[in-house]
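Since the structure comes first, as structure tokens, the remarks are kept for the end.
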DNA sequence: CGCAATGTGGTCCACTCGGTCAAAAAAATC
DNA sequence: GATTTTTTTGACCGAGTGGACCACATTGCG
């Protein structure tokens, strides 16, 4: 009953996420969202409430995907040696950033620095994402330790957070257009920790 | 000739920097600057032009201080073993972030993620800062290698950028209120790279 | 003491902001 | 085709924006 929606809601969220991602929360106006989606302001607001809820929705979805990606790539089911899975995951994530032109980095980084201080809901989502990804890496590191690929004396939890941190750092560097080979050297230096 | 300035310009820049630092460029209005400094709009603009020039000035000053701090702490003149200087410097920088309440992290990180994509002047200043700090660390690593404290097979340049990146990561994590001991564990994991 | 130059606080302006709302349009149901 | 229900549109609102501008206060200099 009633008129059917004339647009795809998921597609709309994707377009809106790209706006928030590249221009930030305050840097994205409702008119920007209208122009990017081709929809009227009423349609957008009718679907997801206000600007803040819209932001939260796109960010939560994104973080969910990020965590799922990490778990999938690092889980034993992914196949291959544990150490190879860790390396493959990290190179995939950082490689994604080095290939961007213009560089937009990771939405998680952007949201953290952009609004986490003023928005506790965003801070919570971001914190959970960091912890979940670090935890996924930690599990893989422990697996690698059991397999004898990584020294038992190493702090698996610390390594998990270290690799998460390095990705944030590569993100920052890429945003200032630091040369791509420097970024890969940075990632390689981080991975050397495991091999040592 | 003419009336003398009734306020301290450096002190004004400090207050303004704190505003930009915690609320970002777009999140800081000219009225915020007036309230924070206690000055009229005319005084602020007369001294430094417009909002953008004001931002650039505070950011450039900050990065200059950051680079100077790194060079000073890592230079041979600072005394102590090269490896100890590196560890001391990194612990000082990351420790500063873990003790902040509320966490505001580093202005360099904030500016990079906030405006570097849209502002080439800011991107240039940030890039130079990253490269200069990484270079200072690289020099100290080479010194440590010559002294036999760090293995010669390690990539000094990569380690310089790695440690710069880890600081950015710790910054991001601290902004989401990740526990302090996790942040120190992250830093320790990074420093373990050198010892290994 | 004028006088010129500079600092100061306040006002004004054109514009943008996020959000609301009533009316129009369109689809589903009868 | 009429009715009902929902979407869509676009005008509108009050608040706030960055910046220009101005009258006036305050200073150093001749």
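Chains as they are written, first to last, in our numbering: chain A, 55 to 250; chain R, 55 to 250.
Beta carbons are placed, not taken as given, at the ideal position from N, Cα and C, and that holds for glycine.
By Cβ distance, which residues of its chain are closer than 7 Å to residue i, with the 5 residues on each side in sequence left out?
i	result
residue 204 of chain A	137, 195, 198 and 248
residue 168 of chain R	78 and 79
residue 91 of chain R	66, 69, 70 and 98
residue 188 of chain A	214, 215 and 218
residue 250 of chain R	none
residue 157 of chain R	151, 228, 229 and 231
residue 63 of chain R	101
residue 119 of chain R	none
residue 105 of chain A	84
residue 206 of chain R	199
residue 166 of chain A	180
Leaving out five residues before and five after residue i in sequence, what residues of the same chain have Cβ atoms less than 6 Å from its Cβ?
i	result
residue 192 of chain R	210, 211 and 214
residue 170 of chain R	176, 177 and 180
residue 163 of chain A	222 and 225
residue 126 of chain R	none
residue 88 of chain A	95
residue 186 of chain A	121
residue 86 of chain R	73
residue 161 of chain R	75 and 116
Write down the C-beta distance between residue i and residue j rounded to the nearest angstrom, noting that I regard them as a contact closer than 8 Å.
i	j	result
residue 143 of chain R	residue 122 of chain R	Not really, about 12 Å apart at Cβ, beyond 8 Å.
residue 93 of chain A	residue 61 of chain A	6 Å
residue 132 of chain R	residue 139 of chain R	6 Å
residue 135 of chain A	residue 243 of chain A	Not quite, the Cβ-Cβ distance comes to about 21 Å (not below 8 Å), so this is no contact.
Verify whether the separation of the beta carbon atoms of residue i and residue j is less than 7 Å.
i	j	result
residue 159 of chain A	residue 229 of chain A	yes
residue 128 of chain A	residue 190 of chain A	yes
residue 216 of chain R	residue 141 of chain R	no
residue 184 of chain R	residue 220 of chain R	no
residue 82 of chain R	residue 74 of chain R	yes
residue 108 of chain R	residue 116 of chain R	no
residue 307 of chain R	residue 234 of chain R	The requested residue 307 of chain R does not occur in the structure, where chain R is confined to residues 55 to 250.
Any heavy atom of the ligand GDP within a distance shorter than 6 Å of the CB on residue i?
i	result
residue 88 of chain R	This structure does not include the ligand GDP; it has no bound ligands of any sort.
Within a Cβ cutoff of 8 Å, which residues of the same chain sit near residue i, ignoring the five residues on either side of it in sequence?
i	result
residue 227 of chain A	236, 237 and 240
residue 154 of chain A	228
residue 110 of chain A	175, 176 and 179
residue 130 of chain R	136 and 197
### Task
Please name the residues in the stretch 187-217 of chain A whose beta-carbon is closer than 8 Å to at least one beta-carbon of chain R, in chain order.
208, 209, 211, 212, 213, 215 and 216
### Task
Could you name the residues of the stretch 164-177 of chain R whose beta carbon sits closer than 8 Å to any beta carbon of chain A, in the order they occur along the chain?
164, 166, 167, 168, 170, 171, 172 and 177
### Query
Which residues, taken in chain order from the stretch 63-92 of chain A, show a beta carbon closer than 8 Å to some beta carbon of chain R?
76, 77, 78, 80 and 81
### Task
With 7 Å as the C-beta to C-beta threshold (strictly closer), list the residues of the stretch 227-242 of chain A near chain R in chain order.
Within the stretch 227-242 of chain A, the residues whose Cβ lies closer than 7 Å to some Cβ of chain R are 227, 229, 230, 231, 232, 236, 239, 240 and 242, listed in chain order.
### Message
Along the stretch 129-162 of chain A, where does the CB come closer than 8 Å to a CB of chain R? Name the residues.
### Response
156, 157, 158 and 159
### Query
Along the stretch 95-127 of chain R, what residues have a CB closer than 8 Å to any CB found in chain A?
none
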